[in-house]
Structures are given as C-alpha cells and as structure tokens.
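Input: a single structure, listed below in structure tokens.
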Amino acid sequence: MKKYILILLILVITFSLAAYDFPYDSGFGFEFSGKSDSTQLVGISTYHKIMDCPFFSPGVEINVDLSASSKGIKFGGVRFLAMFDLFYLENKLFPSISINPTLWSPSIKVGFFWNDEFYPNFTLEVAAFRFLEKDFVYEWFSPFVNFNEDGINSWGLTFCRFTYMCL
Amino acid sequence: MKKIIITILVLIIAFSIFAESKDDSSNFLKDIGFTIGHNENYFDNNYEYGLNLLLGLDAGLTEKLELNLIGTFEIVPSFIKDFSLGLELNYSLLGERVFSNRNAGMGINSMVGFGLYCNNHNDKNIFMPTTLVLRLYPATVGAPASGKRERILPLGLAYNFMTNDISMFFSVAMYDHYFKGTWKTNYK
Numbered sequence: 019m020k021k022y023i024l025i026l027l028i029l030v031i032t033f034s035l036a037a038y039d040f041p042y043d044s045g046f047g048f049e050f051s052g053k054s055d056s057t058q059l060v061g062i063s064t065y066h067k068i069m070d071c072p073f074f075s076p077g078v079e080i081n082v083d084l085s086a087s088s089k090g091i092k093f094g095g096v097r098f099l100a101m102f103d104l105f106y107l108e109n110k111l112f113p114s115i116s117i118n119p120t121l122w123s124p125s126i127k128v129g130f131f132w133n134d135e136f137y138p139n140f141t142l143e144v145a146a147f148r149f150l151e152k153d154f155v156y157e158w159f160s161p162f163v164n165f166n167e168d169g170i171n172s173w174g175l176t177f178c179r180f181t182y183m184c185l
Numbered sequence: 003m004k005k006i007i008i009t010i011l012v013l014i015i016a017f018s019i020f021a022e023s024k025d026d027s028s029n030f031l032k033d034i035g036f037t038i039g040h041n042e043n044y045f046d047n048n049y050e051y052g053l054n055l056l057l058g059l060d061a062g063l064t065e066k067l068e069l070n071l072i073g074t075f076e077i078v079p080s081f082i083k084d085f086s087l088g089l090e091l092n093y094s095l096l097g098e099r100v101f102s103n104r105n106a107g108m109g110i111n112s113m114v115g116f117g118l119y120c121n122n123h124n125d126k127n128i129f130m131p132t133t134l135v136l137r138l139y140p141a142t143v144g145a146p147a148s149g150k151r152e153r154i155l156p157l158g159l160a161y162n163f164m165t166n167d168i169s170m171f172f173s174v175a176m177y178d179h180y181f182k183g184t185w186k187t188n189y190k
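Chains A and B supply the protein sequences, listed in that same order.
Residue 19 is where the first sequence starts when you use our numbering, and the numbers rise one by one after that.
Residue 3 is where the second sequence starts when you use our numbering, and the numbers rise one by one after that.
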C-alpha cells in the first residue's frame, strides 16, 4: 500500500512539474454529429480541464444534444464524459487548421449517455483529430459508441466540435 | 440571322466573363485547391438523416468566378454510400476573390453558386444528371493567396428535375486548402 501511495505521489509531483501552462481551463462549444439511428445531432457542450499534465491530462465534458430526423426535431440526449488528453505534440501534420500554432492532442472520452427517453447508456468517444489553440479546441471526425449491458445500441461520428476556451 | 445573333451574344457573355482587368496576367486556373466539408440534405426523401461528407476540387477562373467539382457521400448511418457528383460555378459577391496582380483577394467575402449534380435519385436508379442547385455562401474567410479559406454555413436549394422535388441543403463549414496560387507558390 505504501508503495502505491509513493508511486502516486511521485507521479503527481512529476506531472505537476512538467505541466503545460494553458491560459484557460474551461470553455463552451458546439458540435455537429450524425448517429446510426438516422439522426443528426446539434449540440452544445462545456469543457473543463481538471489538471495540466504532459500525458493523460484529465478533464470533464457535458454535451446536450438536439436531434433532427424524419420525425422532426427533438431533445437528443445528455452526455457526461470524463476525458483524458493523451499527449500534446506540436501540430506539424495539419498546419493549415489555424493561423496560430496548434497542439495535436488526441483524447479519449468515457462516460454516461442519457438518451431522449432518459435511458442510461455508457458512451465512448475517440477524438483523434483534436487540436488546441490558445482560445479554441477543434475536434473533427470523432467516432463514438453508446452501449449498455445488452451491447452497442448506437454509434456515430462527430463531424466537428469547436470549443471556445474563455475561463 | 437569329443563330448569328445568339452566337454573338453567347460569345460576348463568355468573353465578358473571362475578361481581364488592367493587368495582362491571366487569372484562369491561377489558384487550385481541394475542399473538405460537410453537407446535409433536408426535406429530401432520397437522403437519410445522418452525416454526409463533401470533398471537392476548386479552380479559379476569373477574379470573381470559380469552378468547383464537388462529390458528396453518406458516412453515417451507412458508411460510404449514396454518391453525388457535381459541378458548381461560384461568383463572389463582395469583391474580387483574387486579383490579376500580386495583391491578395478579399479576405472576407460572400458567394453565390449554381450547379448541376449527378446521382441515382431517379426512377431508373442510374447515375445521371438529376439535380440543379443554387447555393449561397454567406461568409467566406480567407483567400487563395493565404492558402486556405473557410466557407461558413453555406446553404441552398436543390431541384431534382427527374422526380420534380425541391429540397434544402446545409453545411456547417467547407474548408478550402490551396496548393496553387498561394503566397508560398505565387507571391514569393
């Protein structure tokens, strides 16, 4: 037990020393995605970074969606996500994303999804094309799955999510 | 006689469209880029709700005109299905998109486009010209000279003349990345 505490302490201290200094920790944004049950989702989201670490930087995100389908426009669900920024690298791959320099920071998001009938599901999203700027977080083509004890019940793709970091 | 007048009229219009102003350098294919974006059709029974991807090629013709070759296909709920391919001619409304000289074009602009699309949304279910589109680009940010341009919230009307249906379409954004006509290639 002492060993684990010691390792945890060392990790916390190391991460704190090597932490990146981002100007803002929180922001809000909007997203546009499509789901396998033939719905389009337009959502608003809030994001808060809990801690700046070089690896696995933790954060939380809440999404509220509106869904459009052939049945009309209605409430699409709520997602509570814990997310981990895997790493931060200078973005040399897609330099034209922004005039300012950006960091490539893929992220894994896990959490709960309550659909339009407030039936709880687990949800997993992989934001591989996630780029950080001073004031914005850009995400493109992030696949996600919603599942419960019966298996996967829907999947989809977030075309874009733009988060304005302001707090 | 009518034929000659029509021919002369067509020639005058065509020459006017491709006319150059002041500078003797040509703008024809001065800038070429590729486009990636999103496209959704609404109130159209031929399309499922979900997510459609838009890919294209973008070629400048004159200071205000450009030609887009655009392909769209569904990626959600079915992955890579329901292709459409079309040509759109876009006209910039708030000034020159490029200049003949070494100055960059307008950084913020609006455009209107007219195009013809092929898909298999017809009774015979064969890939053929079926749809006329009118698209408005309320805001474009960037220019070929800067190497990239974002077309924000384009929307329009589509008329399928094979099934006599009118529908709407909308994109969150379309991103143009230029590989010819940028400050790196043409303005150094």
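Glycine is no exception: its CB is placed at the ideal position from the N, C-alpha and C atoms.
The structure presented is a predicted model; accordingly, all values stated were derived computationally and were not measured.
Open item on the list: Here's a check: name, in chain order, each residue in its chain whose Cβ is nearer than 8 Å to the Cβ of F30/B, leaving out the five neighbours to either side.
Closed with: F20, G62, L63, T64
- [ ] Tell whether a beta-carbon distance below 8 Å holds between S169/B and G39/B.
- [x] no
Task: Simplified DSSP assignment, three categories, for L142/A - done: Strand, per DSSP.
Open item on the list: Can you find the residues in the same chain that come closer than 7 Å, C-beta to C-beta, to D33/B, ignoring five residues on each side of it along the sequence?
Closed with: Closer than 7 Å at the Cβ level, and outside the excluded window around D33/B, lie G62, V100, P146, Y180, K182, G183.
Open item on the list: In the DSSP assignment, the beta strand (DSSP E) including A100/A goes from what residue to what residue?
Closed with: 90-103
TODO: Starting from the Cα of N103/B, find the closest Cα among A16/B, L11/B, N188/B and give me that residue.
DONE: N188/B
Open item on the list: Just to confirm before moving on: does the CB-CB distance between T64/A and F46/A stay below 8 Å?
Closed with: yes
- [ ] Could you tell me which chain B residues have their CB closer than 9 Å to the CB of C71/A, listed as they occur along the chain?
- [x] Near C71/A there are no residues of chain B at all, since even the closest Cβ is about 31 Å away, more than 9 Å.
TODO: Report the three-state DSSP secondary structure of Y106/A (helix, strand or coil).
DONE: Looking at Y106/A - three-state DSSP - the assignment turns out to be coil, as it is neither helix nor strand.
Task: Cβ contact check for the region 139-146 of chain A and the region 162-173 of chain A: 3 or more pairs under 8 Å - done: yes
- [ ] Identify, in the order they occur along the chain, each residue of the same chain with its Cβ nearer than 6 Å to the Cβ of T132/B, setting aside the five sequence neighbours on each side.
- [x] N121, H123, N124, N162, M164
Open item on the list: The beta strand (DSSP E) that contains V82/A, what's its start and end?
Closed with: 75-87
Task: Three-state secondary structure (DSSP) of A175/B - done: strand
- [ ] Indicate whether S172/A and K89/A have their beta-carbon atoms separated by less than 8 Å.
- [x] no
- [ ] Would you mind reading off the limits of the beta strand (DSSP E) that contains T132/B?
- [x] Where T132/B is concerned, the enclosing beta strand (DSSP E) stretches over 130-145.
Open item on the list: Whole angstroms are fine: how far does the CA of S123/A sit from the CA of N41/B?
Closed with: 26 Å
Open item on the list: Would you call the region 69-83 of chain A in contact with the region 4-12 of chain B, where contact means no fewer than 3 C-beta pairs closer than 8 Å?
Closed with: no
TODO: With 8 Å as the threshold, decide whether the Cβ of H123/B is near any Cβ in chain A.
DONE: no
Task: According to DSSP, residues forming a beta bridge with F116/B - done: Under DSSP, F116/B shares a beta bridge with L91/B, L136/B.
Task: K126/B versus I72/B: straight-line alpha-carbon distance, rounded - done: 23 Å
Task: As assigned by DSSP and simplified to three states, the class of S28/B - done: Of the three classes helix, strand and coil, the one that applies to S28/B here is coil, per DSSP.
- [ ] Hey, could you find the ends of the beta strand (DSSP E) G169/A is sitting in?
- [x] Unbroken beta strand (DSSP E) run through G169/A: 169-183.
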